[in-house]
Every structure is written in structure tokens, then in C-alpha cells.
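I have placed the structure first, in the form of C-alpha cells, so that the comments after it can refer back to it.
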Amino acid sequence: MLRFAKAGSLSASPPNGAAWYTPPTMTETTKLDSDTDFGPLREAIALSEAARKRGNMPFGAVLVAPDGTVLARSENAIVTDRDITSHAEINAIRAASKHCTPQQIAAATMYASGEPCPMCSGAMIRTGVRRVVFGIRATVATPYLPGAVGAMVGSVDCRKVFAVAPTPVDVRGPVLEDEAKAPFEAFAARGAR
Ligand SMILES: [Zn+2]
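Those letters in the sequence shown? Residues 15 to 207, per our numbering, in order.
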């Protein structure tokens with residue numbers, strides 16, 4: 015537990031002596047600090063294609079600890095689960111919660127093939143995740159999903175949601191957007207095949 019004592023918002027006192035209500039400072043950039051981000055993001059994109067082929071919406075997510083350990087890999091499963099909330103990022107948090115401490119999850123980076131929707135962004139705020147890397151912007155992805163229930167809600171800029179987080183959330187995206195777009199193009203052209 016001590017190893018993750020500095021993980022953030024779930025601790026009893028503010029991290030690094032910061033005030034609890036310091037306004038969030040958003041990082042609006044596509045620049046990544048390290049090439050190590052590309053691997054997990056590409057894995058999330060591959061999971062989005064797998065989700066499409068399974069008959070679901072083309073979204074994938076990978077949750078990775080600071081030391082590079084993958085805590086969870088997940089796909090969108092709203093069709094196969096018959097659960098409209100079965101989004102990739104929510105599923106990653108649920109999967110990681112089975113074997114990780116809240117502090118471990120809070121310290122992790124969420125790699126999402128698509129920009130997180132307000133529900134998933136809210137779930138990440140709730141878990142204390144403070145770093146997010148996403149592929150395709152919601153405004154770019156949404157037109158490929160005509161008629162999807164809640165799609166317009168899903169096209170909300172995730173940074174607007176993360177702005178209410180009690181600790182700053184470092185949001186990087188879009189990153190590798192052309193690669194992340196391919197499963198959406200396939201979904202629009204062929205559906206889940
Ligand atoms: Zn979502």
C-alpha cells in the first residue's frame with residue numbers, strides 16, 4: 015500500500031501538499047512524453063477492431079501501471095453484453111478492480127482508442143485516474159456511428175468533463191488518429207464483419 019501512497023485523490027491528504035481545490039490545468043496536446051505510449055495505444059486500437067468484429071462498437075482500452083504493467087485490456091461490449099454501459103474504459107476499470115487496489119488504478123494511464131465519452135470520463139474521475147491517452151476524437155468518430163443511441167452525448171469534448179476532476183487530468187489526444195479511425199471506417203462500410 016505504501017508503494018502507492020502518493021497515487022492521488024484517494025489518499026487521506028492532498029498529494030504533494032497541494033490544495034484540494036486547485037483548479038485543474040488541462041494539457042491540450044497531441045504530444046507524448048514517451049514512445050512507450052504508442053504500444054498500449056496501438057493495442058487499444060487493435061482491441062477496437064476486435065470489438066467491431068465481435069459485433070460491438072469499435073472501441074478498445076488498455077489500463078497500464080506506471081511501471082508498464084498492463085492492469086486490464088478491454089473492449090466495448092454493448093451488444094454482446096446487452097449492456098449500453100459496457101464501454102471499453104468502464105470495462106477496463108471493472109476488470110482492473112478485480113485484482114488491483116484503488117491506488118494502483120488511480121496511478122495508471124488509460125489508453126483508449128476513442129476519446130472517452132462523458133460516462134467513461136466520469137468513471138475515470140471517480141477512480142482518480144489522472145492520465146489519459148486517446149486515439150480518435152469523438153467528433154471525428156461519431157459520424158461513423160449513425161443512429162447510435164447516445165452518440166451525440168458521446169461527442170462531448172472529454173476535456174470539458176475532466177475539467178471538473180478534483181485533481182488535474184493529463185489528457186493526450188488525438189494521437190495516432192488515422193490508425194484509430196480505420197475500425198470506424200470498416201464499421202461504417204461493413205458493420206461488424
Ligand atoms: Zn464511454
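Cβ atoms here follow ideal geometry from the backbone N, Cα and C, with glycine treated the same way.
Neighbourhood of residue i by C-beta distance below 6 Å, restricted to the same chain and skipping five residues each side
{"i": "ALA104", "result": "Residue identity check: residue 104 is Ile in the sequence provided, not Ala. Excluding sequence neighbours, ILE104 sits near CYS134 and ALA137."}
{"i": "GLU57", "result": "VAL76"}
Extent of the continuous alpha helix (DSSP H) run through residue i
{"i": "ARG111", "result": "The sequence given here places Ser at residue 111; Arg does not occur at that position. Taken as a continuous stretch (DSSP letters only), the alpha helix (DSSP H) holding SER111 covers 102 to 111."}
Contacting residues, own chain, Cβ-Cβ under 8 Å from residue i (five flanking each side not counted)
{"i": "THR50", "result": "GLY82"}
{"i": "ASN90", "result": "SER62, ALA65, ASN70, MET71, PRO72, PHE73, GLY74, SER100, HIS101, ALA102 and ASN105"}
{"i": "ASP192", "result": "none"}
{"i": "ASP95", "result": "none"}
Any non-hydrogen atom of ligand 1 closer than 7 Å to residue i Cβ
{"i": "ILE104", "result": "yes"}
{"i": "HIS101", "result": "yes"}
{"i": "MET124", "result": "no"}
{"i": "ASN72", "result": "What sits at residue 72 in the sequence shown is Pro, not Asn. Incorrect: PRO72 has no Cβ contact closer than 7 Å to ligand 1."}
{"i": "CYS134", "result": "yes"}
{"i": "CYS172", "result": "no"}
{"i": "PRO197", "result": "no"}
Closest Cα partner of residue i within the set the options
{"i": "ALA121", "options": "VAL178, ASP192, PRO160 and PRO182", "result": "PRO182"}
{"i": "GLU129", "options": "ALA203, ARG145, VAL78 and ALA202", "result": "ARG145"}
{"i": "HIS113", "options": "SER127, ALA126, LEU85 and THR123", "result": "LEU85"}
{"i": "ARG151", "options": "ILE119, PRO180, PRO188 and GLN118", "result": "PRO188"}
N-terminal and C-terminal residue of the beta strand (DSSP E) that residue i is part of
{"i": "PHE148", "result": "145 to 150"}
{"i": "ASP184", "result": "184 to 186"}
Close Cβ partners of residue i (< 7 Å) along its chain, the five nearest in sequence each way excluded
{"i": "ARG140", "result": "none"}
{"i": "GLU199", "result": "TYR158"}
{"i": "ALA79", "result": "LEU85, GLN118, ALA121 and ALA122"}
The stretch 147 to 156 contacting the stretch 84 to 102, beta-carbon criterion three pairs below 8 Å: no
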